[in-house]
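Chemist: Add 445 to a position in the sequence shown, counting from 1, and you land on the number used in the numbering used here. Below are the structure tokens for one structure; questions will follow.
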Amino acid sequence: MTNDAPSNEWSMIWKTRFSHLGYHSVDVAMGIPKEEKEPLRILKTCYDELHQATSELSFFPPILISRGESAWKIAQKYVSNKPVSGLVLLPGKEDEMRLPSSQFEPQFPILFVGMNQATRPPEFLDGWIDQVKLDDVNNEFQEVMNWMDDIGM
């Protein structure tokens, strides 16, 4: 899940890589209307879109991979109400949207991938998550796959 346009090159590359490895994936690109200014309404709309996109995928709860701060917050809202097998938080481009965080009790594996010290996971997740600091963004996919192998996915 990203907060970029549907033609996002990053998501197409990842979707293709997962497909080659036998995974079924869905790209949910959040298109948020520019005229909408209320953060809670934006969050609810995105949550509803994500729920609809994932509700008919599989009997098993999905692994959510979210890229960018807004996507992280939408994923947090989702996992606070719906089951997942895992959550991956990836750095993304800066965005000006300030959505509220949703706290949840992590009862599933979580991976946070950071590119630098400025990129940090939500504070309430301290001690509950696996973290990887990357020197090169080209290693992102491999680090996520290694983590998925480590947790038995």
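Note that CB positions come from ideal geometry on N, CA and C, so glycine has one too.
Can you list, in chain order, the residues of its chain whose CB lies under 8 Å from that of residue 531, leaving out five sequence neighbours each side?
Modeler: Correct list, in chain order: 508, 509, 553, 554, 555, 556, 593, 596, 598.
Chemist: Per DSSP, which one or two residues make a beta bridge with residue 559?
Modeler: Note: residue 559 sits in a beta bridge opposite 578.
Chemist: Taking buried to mean at least 16 other C-beta atoms within 10 Å of its own C-beta, is residue 500 buried or exposed?
Modeler: By the 10 Å Cβ count, residue 500 comes out exposed.
Chemist: By how many angstroms is the C-alpha of residue 586 removed from the C-alpha of residue 489?
Modeler: If you take the alpha carbons of residue 489 and residue 586, they lie about 29 Å apart.
Chemist: Do you know offhand how far residue 516's Cα is from residue 522's?
Modeler: Between residue 516 and residue 522, the C-alpha separation is close to 10 Å.
Chemist: Mark residue 505 as exposed unless 16 or more other C-beta atoms lie within 10 angstroms of its C-beta, in which case mark it buried.
Modeler: Exposed is the call here.
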